[in-house]
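Scroll down for the structure; my scribbles are underneath it.
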Amino acid sequence: MKNKNLIIVIFISFCCSCKPVKSSTITSEIELKSVLENVDSLLIRNAYKATNNLELPYRLFTPSIHQNKKIPLVIFLHGRGERGTENGARIYRNAGIIMNENSLITPQSQANYPCYILVPQCSNKTENKNGQNGLEIHQKHHLKVWVKMVPIL
3 MKNKNLIIVI
13 FISFCCSCKP
23 VKSSTITSEI
33 ELKSVLENVD
43 SLLIRNAYKA
53 TNNLELPYRL
63 FTPSIHQNKK
73 IPLVIFLHGR
83 GERGTENGAR
93 IYRNAGIIMN
103 ENSLITPQSQ
113 ANYPCYILVP
123 QCSNKTENKN
133 GQNGLEIHQK
143 HHLKVWVKMV
153 PIL
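Throughout the sequence shown, residue numbering follows our numbering, covering 3 to 155 in sequence.
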């Protein structure tokens, strides 16, 4: 009998200590999970070819909410480790604006803050081993191309 009473007390204590989970929290978690599972298809692969034949791969997220007003463009510039030309998942995997609980591509975020998201990828073929000489020129060159690319999106 004592064991039964002890189990009942433990059960009641456990039930009283649990906090109810808000349905909005559950919805947000489901949305985030869905986005993380489908992020590769949400960020459409493309490449921009400049007049000097420099080809810049990029990913673009287009909001499903089309409004008559202008929608901002968020540009995510990756770090050195994401350079390359394969336009794969590594260019956005470390992007907090895409891959965490504050993701801008969840339906809830897009309902509140609709925006386009551009994730260009910088080439890894134009700098020295130590990452120094020519890097500044390389960055300026790519930046000029990206600035020309934005209006045509």
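The C-beta atom is built at its ideal place from N, Cα and C for all residues, glycine as well.
Between the alpha carbons of residue i and residue j, how many angstroms are there, rounded?
{"i": "N48", "j": "E57", "result": "10 Å"}
{"i": "G81", "j": "N70", "result": "34 Å"}
{"i": "Y115", "j": "E33", "result": "15 Å"}
{"i": "S125", "j": "G86", "result": "5 Å"}
{"i": "G98", "j": "A52", "result": "29 Å"}
{"i": "Y94", "j": "N54", "result": "26 Å"}
{"i": "P65", "j": "Q110", "result": "12 Å"}
{"i": "V121", "j": "N96", "result": "12 Å"}
{"i": "L62", "j": "K35", "result": "20 Å"}
{"i": "E31", "j": "V41", "result": "15 Å"}
So, residue i versus residue j, is the Cβ gap smaller than 8 Å?
{"i": "Y60", "j": "Q123", "result": "yes"}
{"i": "I77", "j": "Q112", "result": "no"}
{"i": "I46", "j": "C117", "result": "no"}
{"i": "M101", "j": "L38", "result": "yes"}
By a C-beta neighbour count over all protein chains shown, 10 Å radius and 16 as the cutoff for buried, is residue i buried or exposed?
{"i": "L75", "result": "exposed"}
{"i": "T108", "result": "buried"}
{"i": "E88", "result": "exposed"}
{"i": "E158", "result": "With the chain covering only 3 through 155, there is no way to say anything about residue 158."}
{"i": "S105", "result": "buried"}
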